[in-house]
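For the sequence shown, my numbering begins at -17 and goes up steadily by one. All residues carry an ideal CB built from backbone N, CA and C; glycine is no exception.
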Amino acid sequence: MAQLRSVSCQRSIKLVYYSCNSPGNSSGLLAAASRPLHTDALRNRQQHLIQQQQQQQQQQSNHHHQQRLLQRHLQQQLFWQSPLLGARCLNSAEQQRQHAQAALAESKDEKSTAAGCRPKGAARAPPNFEGTPQRDPLDVSFNDPIAAFKSKTTWELVRAYMVYMICSSEKLVEHNMKLMKAAKKILGTKLFSVLMKATFYGHFVAGEDEEKIKPTLKRLRSFGVKPILDYSVEEDITQEEAEKREVESSVSSAGDDGNKDAGALPQYHVDKSFADRRYKVSSARTYFYLNEATCERNMEIFIKCLEAVSGATFGTGITAIKLTALGRPQLLLQLSEVIMRTRKYMEALVGGQGNVLTHHKTIKDLEQYYAGVHDNKDVQQFLQNVTSDKEGILHLFPWSGIVDEDSQLSETFRVPDPTTGQMRRLISQISPKEEEMFRNMIRRLNTIVKTAAELDVRIMIDAEQTYFQPAISRITLEMMRKYNKNKAIVFNTYQCYLREAFREVSNDLEQAKRQNFYFGAKLVRGAYMEQERARAQALGYADPVNPSYEATTDMYHKTLAECLRRIKVMKDSGDDAGKIGIMVASHNEDTVRFAIENMKSIGVSPEDKVICFGQLLGMCDYITFPLGQAGYSAYKYIPYGPVEEVLPYLSRRAQENKGVLKKIKKEKRLLASEIRRRIFRGQIFYTPKGNYVPI
């Protein structure tokens, strides 16, 4: 009987369904409902009717919701172009119709919005806190205060405006460190900490430790922005102490006789008048060597940063480090001089200019140059150690052994005299203790990069002064060769205020191609321009700096264009374009626009993940956040550390903002506009809530 009842029920349900859906039978539902049906079938039918009613109500609700969105969109457009905000008011019916059409187009293109694509001229998407991650259109003029500051509370906007007002006062900025120290004495540690968190510290620093920065990282991520973490504790030492440390750590225990050598390069030897490397530098931190134990502590700090990034950013974060924090600077000076003397040696041997790779010479070519001394065993051993491929020589020295911690510097950097065959040192005298210090520095760097690879966190090695940079770049390239086999873990930094920036990037790109590793680069304008120019003039070597700001911008764009050209070549040839990764680390709107326009022109999309953008926390939010919310890979440089120990960092940020008054003026204007909007719209207690997912 139970089976019969079940079959009867099924037949009754089918009868209801087909009678309701038969063509031209509008009364089918009533007819079916009037038939004697089994009780279970009636219950099922009632549920079906209820579902139909709910669907109709939902459709009506969606229609009303869409109408409300259209009305709200029109009101926003009218408000934004009202005289209150200094723009022309839209009153005509035609203008209202155009805005309504734009909002309708936004609704129709919902799917393309979710994918990060939107028809040109479409309006901003309404907040979408659930479901598909949100994507906004990008205003490349960077004049949209809502897009810039939707991640901020109103108090944070007021605080930012107040900080920028202070940064606009030259007197306050000039004496900011003295004023902060005086305030600390007057207020005491606790009240001073409260004051700083309500002003400069709260604006420029994310928090005191790895736990306290997590809310900031979470909010950044919800608005499409990823972090570059940096533990920004700095020593506050006097100029005299800085000079003493630098001189002691930059002179070999074997004696600095490099200036007596006929081939010595004065640029790569310490000079007491420039021993304080903080001189005329406001946008970069300086490490002063104290002892090996301090370098070990710095390594542990960097590893903690890596762990914090890994735990809070889902494999999308970056950590920045400086090589001068990991070892004695004298070793970098000596290594840099070796590299430059090697270039001069090759120029004298084969003619032309540039590094070894650019000459396109082979081992056979070298054998011809050494034809008169080819039978010399030392010459033969030298030729065996030369690194080359089918296109020619890459390196004269076995750099792979150097970064693997198993080479003796004093025995490695020797070249044969083409006339006598005698081996000549290119490095000044170095003691066994200093050899050990160098191996320790390389060990620390290997430990950091290996940890980064295991945690799937990228690491950016910052650029420093030109007298350190050849060594830093060479070591960084070898770390890329060692660890960037499957993805870009290690990134080098290139300062485009230098005349040689384009050539250096091009050569390193070529090496990455020929040795088949992933190339990562952060392009910056640079932090040491004034110091470099003054030092070159005082010590009598060629000025390494571009002659003007415009020349630096041209160098930046030229270098970036070359990187994009190579990416396009790789895409067109079917190769992995992801083998080149570039961070456009710039606060300059024109440079960011240049990158975006060139990405579009060569068919590179944000989803290709080959170009990303970076700015400092608390600076140029009107650039970073619109980029992240539009689906571009955007980063904020996130400093953290205890209040008292990051005062030197805060002092530098104040100094840096004083030098970019034009950018401050625009940021203040956008902040004021957004604060007024929230006041007039009753959004003073606005709570940021984003639904953006970083790519």
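Coarse secondary structure for residue i, derived from DSSP in three states
{"i": "residue 474", "result": "strand"}
{"i": "residue 208", "result": "strand"}
{"i": "residue 311", "result": "helix"}
{"i": "residue 664", "result": "coil"}
{"i": "residue 91", "result": "With a pLDDT of 42 at residue 91, under the threshold of 50, the predicted position of this residue should be treated as unreliable, and no value is reported."}
{"i": "residue 370", "result": "strand"}
{"i": "residue 377", "result": "strand"}
{"i": "residue 69", "result": "Confidence at residue 69 is low in this model, with a pLDDT of 37, below 50, so its placement is unreliable and no value can be given for it."}
{"i": "residue 578", "result": "helix"}
{"i": "residue 361", "result": "helix"}
{"i": "residue 620", "result": "strand"}
{"i": "residue 213", "result": "strand"}
{"i": "residue 140", "result": "helix"}
{"i": "residue 385", "result": "helix"}
{"i": "residue 657", "result": "helix"}
{"i": "residue 625", "result": "coil"}
{"i": "residue 607", "result": "helix"}
{"i": "residue 108", "result": "Because residue 108 sits at a pLDDT of 46, beneath the cut-off of 50, its placement in the model cannot be relied upon, and the following sentence gives the value as read from the coordinates. Residue state, collapsed to three classes: coil."}
{"i": "residue 587", "result": "coil"}
{"i": "residue 271", "result": "coil"}
{"i": "residue 318", "result": "helix"}
{"i": "residue 255", "result": "helix"}
{"i": "residue 342", "result": "coil"}
{"i": "residue 679", "result": "The chain is shown from -17 up to 677; residue 679 falls before or after that span and cannot be answered."}
{"i": "residue 390", "result": "coil"}
Delimiting residues of the beta strand (DSSP E) encompassing residue i
{"i": "residue 672", "result": "Counting along the chain, residue 672 falls outside any beta strand (DSSP E), and DSSP gives it neither H nor E."}
{"i": "residue 182", "result": "Run containing residue 182: none in the beta strand (DSSP E); it sits in the alpha helix (DSSP H), 182 to 186."}
{"i": "residue 397", "result": "396 to 398"}
{"i": "residue 302", "result": "300 to 303"}
{"i": "residue 118", "result": "Note, residue 118: premise wrong, no beta strand (DSSP E); not H, not E."}
{"i": "residue 405", "result": "405 to 407"}
Cβ pair residue i, residue j closer than 8 Å
{"i": "residue 537", "j": "residue 527", "result": "no"}
{"i": "residue 708", "j": "residue 505", "result": "No information on residue 708 is available, as it lies outside the stretch -17 to 677 that the chain covers here."}
{"i": "residue 385", "j": "residue 378", "result": "no"}
{"i": "residue 370", "j": "residue 623", "result": "no"}
{"i": "residue 564", "j": "residue 503", "result": "yes"}
{"i": "residue 247", "j": "residue 329", "result": "no"}
{"i": "residue 211", "j": "residue 287", "result": "yes"}
{"i": "residue 674", "j": "residue 300", "result": "no"}
{"i": "residue 309", "j": "residue 420", "result": "yes"}
{"i": "residue 604", "j": "residue 532", "result": "no"}
{"i": "residue 509", "j": "residue 263", "result": "yes"}
{"i": "residue 439", "j": "residue 461", "result": "no"}
{"i": "residue 680", "j": "residue 392", "result": "Outside the shown range of the chain, which is -17 to 677, sits residue 680, and nothing can be said about it."}
{"i": "residue 477", "j": "residue 470", "result": "no"}
{"i": "residue 611", "j": "residue 129", "result": "yes"}
{"i": "residue 202", "j": "residue 609", "result": "no"}
{"i": "residue 672", "j": "residue 204", "result": "yes"}
{"i": "residue 165", "j": "residue 317", "result": "no"}
Candidates the options, of which the one nearest residue i by Cα
{"i": "residue 275", "options": "423, 531 and 646", "result": "423"}
{"i": "residue 177", "options": "477, 626 and 550", "result": "626"}
{"i": "residue 535", "options": "554, 148 and 575", "result": "575"}
{"i": "residue 266", "options": "257, 645 and 632", "result": "632"}
{"i": "residue 600", "options": "635, 439 and 562", "result": "635"}
{"i": "residue 282", "options": "429, 221 and 200", "result": "429"}
{"i": "residue 374", "options": "455, 524 and 347", "result": "347"}
{"i": "residue 137", "options": "667, 671, 676 and 382", "result": "667"}
{"i": "residue 620", "options": "278, 555 and 208", "result": "208"}
{"i": "residue 354", "options": "327, 486, 401 and 559", "result": "401"}
Span of the alpha helix (DSSP H), counted from its first residue to its last, around residue i
{"i": "residue 538", "result": "531 to 554"}
{"i": "residue 440", "result": "Unbroken run through residue 440 is the beta strand (DSSP E), 440 to 443; no alpha helix (DSSP H)."}
{"i": "residue 493", "result": "483 to 497"}
{"i": "residue 452", "result": "451 to 465"}
{"i": "residue 173", "result": "158 to 179"}
{"i": "residue 520", "result": "511 to 521"}
{"i": "residue 421", "result": "414 to 437"}
{"i": "residue 347", "result": "345 to 351"}
{"i": "residue 130", "result": "127 to 131"}
Sheet register partners of residue i (DSSP bridge)
{"i": "residue 615", "result": "594"}
{"i": "residue 505", "result": "476 and 566"}
{"i": "residue 527", "result": "480"}
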